[in-house]
C-alpha cells in the first residue's frame, strides 16, 4: 500500500522503516532533508515539499503526519487540507489533544477529506517491538488502511493470549496490538489515558525506590537501616512478582548500569497527555488522585523552590517565630 | 496557686509570665540560668536544679514541663518521677506523641504520681492572646489545677460566641479557650490533630498564592495573564471572605512586608505532629489525602532533588530516549 | 448612584438591599416577579423585563448581573449588549470562568460597552458582613463605580489592621474589603483561587475531625481510644489556636447543634471554581496537590462506588485470589 | 533438603508442592488436618503438632512459618523458639512488619536460633510461576538454605535478561528470582515496598479505566463522548505499549470476562504492607504522594460516607446556605 509520511524524527523514521520492511511504499518528507535521504536508501521515496508529496501519491491519498503536537502539526494539516481531494485521508499519529481532532475532522468534513487520529505507543523500541496503535475515525477509512496498521502493530508475538477473550465478541485486532477505539478523537483519547496511567505507574516505582534508597540513612536506628542493592531488587521483581512490567525492566537496566542514577538531574519533563488526562477526569467528575499527584511531582521537579513553600515559611515565622534553614 | 515550670524557652517563659501576672506563684528552672534570672525579676522564683524545684514546691506539687518533645522531656519526667511523692502531678505541655503519654501515665500510676498532657497552642502570641489548651488526664487533677488552666487560656475575649451552644450540655471551659479532652493522651491527641489541620490549611493557602503568582508568567496568553498584587489580595480576603483566618492575617502581614517573600529559602521544616496525624489516620483507616500531601510537600522542600525524580528520568530515557534538562 | 441588578436570588437580593440602605438607587429585575416586588417595598424600582431596565436607567448605565454562571448569564449579557449604548457597563458578579470574561470583553469592546468581572464573596452573610469584592476591568470604569463597590464591601470593621501595610504603596481599598485586581478576568481569577483555597481549608478541617471522630473506634487499643466531644474541640480552637478561622466558627456552630452531623448525607457538590483552579495550576505547571485532592474527595462523595475500585478488586482477585466483601 | 512448613493455606500448600517436586523433603503441619493429608499424598510428611514437627526434623532444623501476619505467627514462632536447639532456623515467609523481625531476631539470638524473614510474592500463581523471594538474615543461614530458595524461585525462565547486568558485581541470584536483601528485616522491608508499589500501579490503572468508562457519559458534549470497549483497550496495551505489565494482563482478563466488572462490590481491602510503606516513608521524610493516595482510596471504598464529607456539607450550609442532595 502507498502512504505518505511527514515528520521523520525518531518515531516517524522508524514507522517508515517498519512499513517499508512490510512491503509498503512510503513517500517521505521532513523539513530537514537528511532523514529522508537516509530512508530513501532503505527504499522510501523522499520528496522535498508537501505539494510534491501530494503529487507523488495516487488517489485516494493517505498522509501520516508524525510531528510534535501543536503549531507545526496544525499548520501541516492545514497545508495538506488545501492540497488534498475528496476521499484522501490525513492521519495524525502524534500526541494531539483529542478535542483538536474533533475540531479538525469537523473542519475537513465539508471538503470530503477524512481524518484519523492514531495514538502511537512504542517509543524508541517500536521498530523492533512494533507500535501499539489506538485509532479514532470513520470505520470505512480505518478498514481501508488496515494493511498499514497491521504492519505497524506488534502482532500476537510471544505475549501469552488472554484466554478469557475466547468466544467473546471482542475485536481480534486488539490481540494484534491495534484497535479502532471509536469515532474521531477516540484514538488520541485512549492514548492520552495510556500516558496518564504511565505517569502513575512510573511514580509508584519512583516512590518505592526512593523509600528503599533512603533506608540506608544514618538517621534511622541502626537495626532498622538497610543498604539495599536496588539493581538486584529491581531484577528480582522481574520474576514472579506482582509488579512485573516493562517499566520495571527499564528500571532494572538503568540501576544495573548505575545504582545512584548519576547523570540524571532530577528535572522531569511532562507532556500534554498527562495534563489532559486530569482535565478529562475533572470534566467527568472522576477522582484521579494518583494521576494528578504524578503530574504535580514533575512540575515540582523543575523548580528550585516553589513560592508555595515560601508562603509556608512566612506563616511559620508569623505564628511560631520559626526560622527555617537558609538556602544551601 | 503554686506551680513549677521546667523549660523557659519562648513558650515556657511566656507561660510563666502569664501565670505570674494572674497572681500565681511560679518556681522556674532551665538548664540555662539566664531566662530564669529574667523571670525572677518579674516575680518568679528561679531554682538551679530539678531537686531544688521539688524542694521549693509544697505538696501536692505540680510541675509543668515545657521542653522539646523527645529525649530531654523523657529524661526530665523520669527525674521528676524519682523525686515526687504520691499526689504530685506532672504536666507535659510540649508536643509529645499521645502514645508516650499513655505509656508514662501507666508507669507513674504505681507511684501515685499524676500525669497530665496539655496540648498548648499559641506560639509567640500566647502571652498576649492566651494559650489554647487541650488537656488529657484524670478529672480530679484537671479540676484541681483549673486556676492554672483558666489563667493561661485566652478567655471569652472579643470572639463572638457560638449561639448554637446555648442550652446544650457542652463544656463551658471550651468558650474560655481550654478543654478537658479526655483521659491521658487525649490532650496531645487533639493538639496533634490541630497541627495536622494547620498543615493542610497552610498548604491550601500556599498553593493558591503560588497559582496567583505564576499567573504573571509570560508563557501564558497575554490576555489571560495577571500581575496580581498578592499583598492586596491577602488583605481583601481578610474582610467578608470565606477564607478569613489567622493564617490569612499572617500571610497578609508577610506579603505586605515583601511581596516576593524574599529571604525565605523555601526549605520548610515539619514537626512530629504532622507525621503522627497521618499515622493515626492510617491506624483508623481514615482517608487523609490533604493532610498527607501537606506533609510530603515539606519533605520535598528540603531536598534539591529526590531519587524518585531520577528514577522517572531513567525510565523516560529507557522507553522514549528522552533526555532531561541538565542540572542548573 | 443608580444601578440595575438582574438576578434577585439570595446573593442578588441582598446586594440590592445593601446598596439601597447605602442610599443607592436600584432598578431590579428577575424572571420571577416575587423577589422584585419584595425589594420594591424596601425602596428598589422593580421592572418586568431587561429592555424595561435599560429604559429605566440613565446613561451611562450600569447593570450588575447576578445569575448562576453559564448559559443564563451568557444570554443575559448578550441581551444587554444588544440594548446598551457606548459608555454603558455590564458587571458580571457571578462565578464566571475568567476566560469567558476575557472573551466577552473582547466581543463588547467594538460596541463601546464596558465589562467588569466582580468576584463576590460573602454568601448568606453578605448583607450583614458586607461582600468581599475582587474586581477586574478597566481602571476608569472601576473608579467611576467606586461608590457601588465601597457600599457593598465590608469596610474596615472590627478586623485588626495589618500594621505591615503602613507606609507601603498598597491599595487602600483592600482594607475596606474590595480590590481592583487587574484587567478583565482578574477579578474572577482571584475569586476562583479564593474558592480553590476554600476547598483545601475545608478538607483540612474535614479530615482532622474525621480522624478525631474515628478515635473512638473499638478496634483501637482501649488506652489509645478517645471519645472526644467534637463541639468542644471546635469551640476551644476558636480562641488562641493557629486554626482560628471563619470556617472553624461555622464548624463549631454545626457541631454544637449536632455532634454527629445527622441530616447531612455526605454527598458534597462542587462548583466550577474548584475545577478551574486545578486547570489554572496545570496551565502554569504549579503543583496543587491539596487543592486537587479536595476536589476529588467531592467527586468521590457523590458515587456509591467508583469503577476504579472495582478494577482494583478485579486485579486482587486475579493475582491473589482475594475475594472482597460483598455490597452491603 | 529437609524442611518443616507450618501453615498450609493457599501459599503454604503450594510452597510445599513446589519444594516436593524439586526433591526436597517437607514435614508439614496445619491446625486443620485436611491440607496436610492432601500434601501427604504428594509426598510430604504430615504431622499433628508443632512438637511432633520438631521431633521429625533432623538438626539443624529449618521451619518455614507461612501464616497470616500477626498474633498467630507470633505465637507459633514463640512455640518453636521454646522447642528448638541452637543452630536451628525459623523462616517467617508471611507478611510481617520488618520491625517485628528485628525484635524477634534479637530475642532469639541468645538461644542460638537463627531467624530469616522471607518476603514471598507469587500469590495463587506461585506454584506454576515460582515465588519471587526477598530474604533477610545472616549470610551463613541464607547460604545454607540456598537449595530451598532456588527451588521456590522462578528461575531465569523466559524473561529476557537485563543486559546491563553483564560484568557488573551484582548478585546472580536476582536473575533467578530471589535475593539476599540484607540483615534481618530487609526481606520483609523489600517485600513491603513491593506491595506499596503494587498499590500505586493498581490505582494508576484503576483511575485510567475509570476515566475511560465515564467518557460515555451523556453529560459530555456528544462529539467528545466515547463508548470505549475497555476489554479491547486493555488487550491492545498488552502489546508494544509502555504500560505492559502483569497487572494489565490481569485487568485484560477480568474485562474480557465482564466489561462492567459486575459482581465486584467496590469494597477494597488493604493489608499491612501498604500502611507500613507510608510509615516508612514518613520515618525517612520521603514524599510518597501516590502510594499514600492509593491507600486512602481503599479506606474510602469501605465506607458509605466519611464523617469528613458531612463536615464539608455542614460548612457549605453555614457559609452559603447550600443544601446538599439527600441520601439516595
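Residue numbers (full-length UniProt numbering), protein chains in the order written: chain A, 1 to 328; chain B, 1 to 328; chain C, 1 to 328; chain D, 1 to 328.
Here a beta-carbon is modelled for each residue, glycine too, at the ideal position from N, C-alpha and C.
Kindly list the residues whose CB is nearer than 6 angstroms to the CB of residue 13 of chain D, restricted to its own chain and excluding five residues on each side of it in sequence; keep chain order.
-> Cβ within range, chain order: 35.
Review point. Count the other CB atoms within 10 Å of the CB of residue 139 of chain A; is the residue buried (16 or more) or exposed (fewer)?
Key: Residue 139 of chain A is classed as exposed because its beta carbon has fewer than 16 other beta carbons within 10 Å across all chains shown.
Per DSSP, residue 178 of chain A forms a beta bridge with which residues?
For residue 178 of chain A, which the question treats as bridged, DSSP gives the partners A/133.
Q.
I'd like to know whether the C-beta atoms of residue 211 of chain D and residue 282 of chain A end up nearer to each other than 7 angstroms.
A. No, the Cβ-Cβ distance between residue 211 of chain D and residue 282 of chain A is not below 7 angstroms.
Nearer than 6 angstroms: is that true of the beta carbon of residue 142 of chain A relative to any heavy atom of the ligand NAP? In the structure on display, the ligand NAP does not appear, and there are no ligands present to speak of.
Exposure of residue 114 of chain D, with buried meaning 16 or more beta-carbon neighbours within 10 Å
The residue in question, residue 114 of chain D, is buried, as its Cβ has 16 or more Cβ neighbours within 10 Å.
Whole alpha helix (DSSP H) elements within the segment 30–102 of chain A, 4-residue minimum
Whole alpha helix (DSSP H) segments, 4+ residues: 33–41, 50–56 and 71–83.
- Message: Closest to residue 1 of chain D by C-alpha separation, out of D/57, D/33 and D/309, would be which residue?
- Response: It is D/57.
message = Which residues in chain B have a C-beta closer than 8 angstroms to the C-beta of residue 213 of chain A? List them in chain order.
response = Neighbours of residue 213 of chain A on chain B, chain order: 307.
Between the segment 208–225 of chain C and the segment 264–276 of chain B, do three or more beta carbon pairs fall short of 8 angstroms?
Using a Cβ-Cβ distance cut-off of 8 angstroms, the segment 208–225 of chain C and the segment 264–276 of chain B are not in contact, since fewer than three pairs of beta carbons, one from each stretch, lie closer than that value.
Task: Beta-carbon spacing of residue 53 of chain D, residue 123 of chain D below 7 angstroms - done: Between residue 53 of chain D and residue 123 of chain D, the C-beta spacing is not below 7 angstroms.
Are any of the Cβ atoms in chain D nearer than 7 angstroms to that of residue 154 of chain A? For residue 154 of chain A, a Cβ of chain D is located within less than 7 angstroms of the residue's own Cβ.
_Can you tell me where the alpha helix (DSSP H) holding residue 248 of chain B begins and where it ends?_
First-last of the alpha helix (DSSP H) with residue 248 of chain B: 246–257.
Going by DSSP in three states, residue 138 of chain D sits in which element: helix, strand or coil?
Residue state, collapsed to three classes: coil.
Original post:
Going by the beta-carbon positions, is the gap between residue 166 of chain D and residue 253 of chain A smaller than 7 angstroms?
Top reply: No; because the gap between Cβ atoms is not below 7 angstroms, this pair is not in contact.
ask   = Mind pulling the chain C residues with CB within less than 9 angstroms of residue 226 of chain B?
value = Under the 9 angstroms cutoff, chain C gives 98, 136, 181, 182, 183, 185, 186, 189 and 190.
Handout entry: Residues that residue 278 of chain B contacts on chain D, provided the C-beta gap is smaller than 8 angstroms
Key = For a Cβ distance threshold of 8 angstroms, residue set 278, 282 and 292 of chain D lies close to residue 278 of chain B, ordered along the chain.
| Could you give the distance in angstroms between the alpha-carbon of residue 70 of chain A and the alpha-carbon of residue 214 of chain C? | The alpha-carbon atoms of residue 70 of chain A and residue 214 of chain C are separated by roughly 50 angstroms.
By alpha-carbon positions, which one of D/141, D/319 and D/127 ends up nearest to residue 89 of chain D? Shortest Cα-Cα distance from residue 89 of chain D to any of D/141, D/319 and D/127 involves D/141.
Check: Leaving out the 5 sequence neighbours to the left and right, which residues in its chain are closer than 8 angstroms to residue 51 of chain D when beta-carbon positions are compared?
Finding: Hits under 8 angstroms: 83.
| message | Going by the DSSP bridge assignment, what does residue 2 of chain C pair with across the sheet? | response | C/25, per the DSSP bridge assignment.
- request: Give the interface partners of residue 242 of chain C over in chain A, defined as CB-CB distance under 7 angstroms, in chain order.
  value: By Cβ distance, chain A contributes 319.
| What span of residues does the beta strand (DSSP E) with residue 116 of chain C cover, start to end? | It spans 114–121 - the beta strand (DSSP E) in which residue 116 of chain C sits, taken as one unbroken run.
Worksheet item: Which two residues bound the contiguous alpha helix (DSSP H) that contains residue 276 of chain D?
Response: Residue 276 of chain D -> alpha helix (DSSP H) spans 272–284.
| To the nearest whole angstrom, what separates the beta carbons of residue 130 of chain C and residue 153 of chain C, a pair I think is in contact under 8 angstroms? | Going by Cβ atoms, the distance from residue 130 of chain C to residue 153 of chain C rounds to 5 angstroms, so yes, they are a contact pair.
Counting only beta-carbon atoms, is residue 285 of chain D nearer than 7 angstroms to chain B? Cβ-Cβ to chain B under 7 angstroms: yes for residue 285 of chain D.
Using beta carbons (cut-off 7 angstroms, strictly below), is residue 267 of chain C in contact with chain D?
Under the Cβ criterion of 7 angstroms, residue 267 of chain C is counted among the residues facing chain D.
Next item on the list: State yes or no: is the C-beta of residue 112 of chain C within less than 7 angstroms of the C-beta of residue 86 of chain C?
Entry: In this structure, residue 86 of chain C lies closer than 7 angstroms to residue 112 of chain C by Cβ.
So, using beta-carbon positions, are residue 26 of chain C and residue 241 of chain B closer together than 7 angstroms? With a cutoff of 7 angstroms on beta-carbon distance, residue 26 of chain C and residue 241 of chain B are scored as not near each other.
If residue 105 of chain B and residue 47 of chain B are in contact, beta carbons under 8 angstroms, what's the gap, nearest whole angstrom? Between residue 105 of chain B and residue 47 of chain B the beta-carbon gap is near 26 angstroms, outside 8 angstroms, which marks them as no contact.
Could you spell out the range, first to last residue, of the alpha helix (DSSP H) harbouring residue 290 of chain C?
Here the alpha helix (DSSP H) through residue 290 of chain C covers 289–301.
Practice item. Go ahead and label residue 313 of chain D buried or exposed: buried means 16 or more other beta carbons lie within 10 angstroms of its beta carbon, across all protein chains shown. Key: Its Cβ being crowded by 16 or more others within 10 Å, residue 313 of chain D is buried.
message: Could you check whether residue 23 of chain B and residue 67 of chain B sit closer than 7 angstroms to each other, using their CB atoms as the reference points?
response: Remark: C-beta atoms of residue 67 of chain B and residue 23 of chain B do not approach each other more closely than 7 angstroms.
With a cut-off of 7 angstroms, does the C-beta of residue 310 of chain A fall near any C-beta of chain B? Chain B contact via Cβ: present.
> Can you name the residues of chain D whose CB is closer than 8 angstroms to the CB of residue 207 of chain C?
Replying inline: Residues of chain D with a Cβ closer than 8 angstroms to the Cβ of residue 207 of chain C are, in chain order, 308.
Worksheet item: Which residues in the same chain have their Cβ closer than 6 angstroms to the Cβ of residue 16 of chain A, if we skip the five residues on either side of it in sequence?
Response: 5, 26, 28, 39 and 44.
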